[in-house]
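K.L.:
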Amino acid sequence: MSSPTDLSNSPPVEKVSTDDEKAVAYDSAYAVEEKRWYNTGLKVFGYQFPAYNQGYVQMIMVSFVCFLCPGMYNALSGLGGGGLPAQFIKTADDSNSALNATFAGLGFFSGTIINRIGVKWAISIGGAGYAIYSGSYLCFNHTENKGFVIAAGAILGMCAAMLWASQGIVIMAYSTEEQKGRFVAIFWAIFNVGAVIGSLVPLIQTAGSDQSTAVSDGTYAGFLALMVVGALLALLLMPTSKVVKSDGTKVIIKENPTWWSEIKGLFLVLKVDPHIILLFPLFFTSNWFYTYQFNAVNAARFNIRTRALNELLYWASQIIGALTWGLLLDVKFAARSVRARYYHGALFVLTMAIWGGGYAFEKTYTRETAVEMALLDWSDGRAYVGPMFLYMFYGMYDAIWQTYAYWLMGSLSNSSRKLALYAGFYKGLQSAGGAVMWRLDSNGLSYLAEFASSWGLLLGSLLIAFPVVWFKVLDHADLESDGIFTDGLHAEEVEAKFGAHHDEVIAHHDETAN
Numbered sequence: 308m309s310s311p312t313d314l315s316n317s318p319p320v321e322k323v324s325t326d327d328e329k330a331v332a333y334d335s336a337y338a339v340e341e342k343r344w345y346n347t348g349l350k351v352f353g354y355q356f357p358a359y360n361q362g363y364v365q366m367i368m369v370s371f372v373c374f375l376c377p378g379m380y381n382a383l384s385g386l387g388g389g390g391l392p393a394q395f396i397k398t399a400d401d402s403n404s405a406l407n408a409t410f411a412g413l414g415f416f417s418g419t420i421i422n423r424i425g426v427k428w429a430i431s432i433g434g435a436g437y438a439i440y441s442g443s444y445l446c447f448n449h450t451e452n453k454g455f456v457i458a459a460g461a462i463l464g465m466c467a468a469m470l471w472a473s474q475g476i477v478i479m480a481y482s483t484e485e486q487k488g489r490f491v492a493i494f495w496a497i498f499n500v501g502a503v504i505g506s507l508v509p510l511i512q513t514a515g516s517d518q519s520t521a522v523s524d525g526t527y528a529g530f531l532a533l534m535v536v537g538a539l540l541a542l543l544l545m546p547t548s549k550v551v552k553s554d555g556t557k558v559i560i561k562e563n564p565t566w567w568s569e570i571k572g573l574f575l576v577l578k579v580d581p582h583i584i585l586l587f588p589l590f591f592t593s594n595w596f597y598t599y600q601f602n603a604v605n606a607a608r609f610n611i612r613t614r615a616l617n618e619l620l621y622w623a624s625q626i627i628g629a630l631t632w633g634l635l636l637d638v639k640f641a642a643r644s645v646r647a648r649y650y651h652g653a654l655f656v657l658t659m660a661i662w663g664g665g666y667a668f669e670k671t672y673t674r675e676t677a678v679e680m681a682l683l684d685w686s687d688g689r690a691y692v693g694p695m696f697l698y699m700f701y702g703m704y705d706a707i708w709q710t711y712a713y714w715l716m717g718s719l720s721n722s723s724r725k726l727a728l729y730a731g732f733y734k735g736l737q738s739a740g741g742a743v744m745w746r747l748d749s750n751g752l753s754y755l756a757e758f759a760s761s762w763g764l765l766l767g768s769l770l771i772a773f774p775v776v777w778f779k780v781l782d783h784a785d786l787e788s789d790g791i792f793t794d795g796l797h798a799e800e801v802e803a804k805f806g807a808h809h810d811e812v813i814a815h816h817d818e819t820a821n
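Position one of the sequence shown corresponds to residue 308 (the working numbering), numbered consecutively onward.
#1: Check the C-beta distance from Ala373 over to Gln486 and give it rounded, since I have them as a contact under 8 angstroms.
#2: Hey, out of Gly702, Pro546 and Gly388, whose CA is closest to Asn422's CA?
#3: Just the Cα atoms here: how many angstroms apart are Gly628 and Tyr711?
#4: Checking 8 angstroms against the spacing of the C-beta atoms, do Val426 and Ile476 come in under that value?
#5: Measure the C-alpha to C-alpha separation of Trp428 and Asp687 and round it to an integer number of angstroms.
#6: Considering just the uninterrupted stretch of the alpha helix (DSSP H) at Met659, what are its terminal residues?
#7: Go ahead and pull the three-state DSSP assignment for Leu682.
#8: Which residue marks the beginning of the alpha helix (DSSP H) containing Ser548, and which one marks its end?
#9: Can Met465 and Leu413 be called in contact, C-beta distance under 8 angstroms?
#10: Counting along the chain, where does the alpha helix (DSSP H) carrying Glu451 start and finish?
#11: With DSSP as the reference, label Lys487 as helix, strand or coil.
#12: Starting from the N-terminal side, write out each stretch of the alpha helix (DSSP H) that is 4 residues or longer and does not extend beyond the segment 396 to 472.
#13: Tell me whether Val477, by its Cβ, gets closer than 7 angstroms to a heavy atom of the ligand GTP.
#14: Suppose contacts are defined by Cβ-Cβ distances below 8 angstroms. Is Leu697 in contact with Phe668 by that definition?
#15: Quick one: Cα of Ala759 to Cα of Tyr444, how far?
#16: If you drop the 5 nearest sequence neighbours on each side, which residues of the same chain put their C-beta closer than 7 angstroms to that of Gly488?
#17: Quick one: any contact between the segment 501 to 511 and the segment 727 to 745, if contact means 3 or more CB pairs under 8 angstroms?
#18: Run the CB neighbour count on Phe778, radius 10 Å, all protein chains shown included, and call it buried at 16 or more, exposed below.
#19: Please list the terminal residues of the continuous alpha helix (DSSP H) segment that includes Ala606.
#20: For Ala459 versus Ser417, is the C-beta spacing smaller than 8 angstroms?
#21: Thinking C-alpha only, which one of Thr592, Gln394, Phe498 and Ala730 is nearest Tyr380?
#22: In its own chain, which residues sit with a C-beta less than 8 angstroms from the C-beta of Tyr345, not counting the 5 before and 5 after it?
#23: May I ask you to list the residues that DSSP assigns as paired with Lys639?
#24: Taking Phe596 as the reference, give the member of Tyr754, Gln365, Pro392 and Pro377 with the closest Cα.
#25: When burial is assigned at 16 or more other CB atoms within 10 Å of the CB, is Arg646 buried or exposed?
#26: Pick helix, strand or coil for Lys256, following the three-state DSSP scheme.
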């Protein structure tokens, strides 16, 4: 007879593994999370709006923040010299040099700050920097305080580094593989609507006179107010950990709590993906040509009201370029690896065509002769039409270049942590190039040299990037590379355990490893 404590004849009790317990707890937490207000979209007059925390909705919100902040900054910069009279353009150049220098310096490490304070706060602080910058020009109209304008540029550089690195995370990591071009296109279009609307302000104020050489206090005050609204709007963004992609997977960005961990991450991504270095010239060049277009073309050859019109057309052309090119990038007429080669070749042809046309206009004046030449006005008929279309094509080309760069980076990885570092590389090097060129223009570099360096760098960077496009852009992101970067997770683990939703695996593995 068995004793009361003898359990030898009892049926075996199935032991629940720790992994199973975690899975049950995760599923339970997920069920509760699904009932939160931000997981349920509003239904208005029978139309079901997407959930507030969907990646697409968050991308739209970030687009409108950039509409109000960098968009208005672009409207201001597009006037040439920040809208200041010709004799003060050097002050604007020095401010832009300071802006790009601090942007470049902080850009590489902006991921650390973002991971500490979150995308929401990083974008809001970035928006505040744009407001300070616009306010410095309003102040300059009354005090001619050059130091404040230059200091505001340096402050904006640090703030913008956080905003743009966060923006890169949103448009590349919040989208699925099939949506990367679309996310970039929609963002770039909305962002540039801000510049178009911003351009209307000085255009309306200066349309009645072809003699005005500087914008008014009302223009700067309007920009300032809109930028403040943008900084506040950013505070309504959801935390990244709450965001869900369109395929139902969550976006969780690994935290990097120290400078040292982020520096190690930088070295790790360069070790795992050394080919990214071949894209550095493409990144460096992506803002280089702004100085030539804004100062050596728009500010040098047109009066203030025509500069304002040119600026509006420039940013409107960017909307057309971004939507056309971005949506085309996602069209599946061939495998992604094949499409990348076609797009790269098409961009090379566009570079030759548009900048070749630009050379024909550039030959008609120099920095020295432009001072003595009569400024072009939109009433000049045929003399204005040609340069107008050239400037529009410059704007369209810029949007195509930026859209392609984001799509190319997004095609190399689906790891949100790696894409954050890519965005830092991109914006840091972009600003470094801009800082160099603004400084060269401030020191009186000839317009022909500015043009030649822009055209040459664009063509050269496309050639250098070609091996990456040919060999590294795959039909689907390299799971092995993403896995190695994230605590040694192997591709077969990712694919076998979580299938196509490997972004969530990598992010979840990061979270549990901590």
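Think of the CB as a built atom: it goes at the ideal place given N, C-alpha and C, for glycine as much as any other residue.
P.N.:
Walking through what the data contain:
#1: Residue 373 is actually Cys in this sequence, not Ala. Contact doesn't hold; Cβ gap of about 18 angstroms is too wide.
#2: Pro546
#3: 11 angstroms
#4: yes
#5: Put simply, the backbone Cα of Trp428 is about 48 angstroms away from that of Asp687.
#6: Arg643 to Glu669
#7: Leu682 falls in the coil class under three-state DSSP.
#8: Careful: Ser548 lies outside any alpha helix (DSSP H) and carries neither H nor E.
#9: yes
#10: Counting along the chain, Glu451 falls outside any alpha helix (DSSP H), and DSSP gives it neither H nor E.
#11: helix
#12: 396 to 414 and 417 to 450
#13: Only the bare structure without any ligand can be found here, which leaves the ligand GTP out of the picture.
#14: yes
#15: 31 angstroms
#16: Gly633, Leu634, Leu636, Asp637 and Trp714
#17: No, the segment 501 to 511 does not touch the segment 727 to 745.
#18: exposed
#19: Ala606 -> no alpha helix (DSSP H), and no H or E assigned at all.
#20: no
#21: Phe498
#22: Here the set comprises Ala358, Tyr359, Asn360, Met545 and Lys549.
#23: DSSP output for Lys639 lists no bridge partner at all.
#24: Tyr754
#25: By the 16-neighbour rule on beta-carbons within 10 angstroms, Arg646 is buried.
#26: Summary: the structure shown does not reach residue 256, with the chain confined to residues 308 through 821, and so no result is reported for it.
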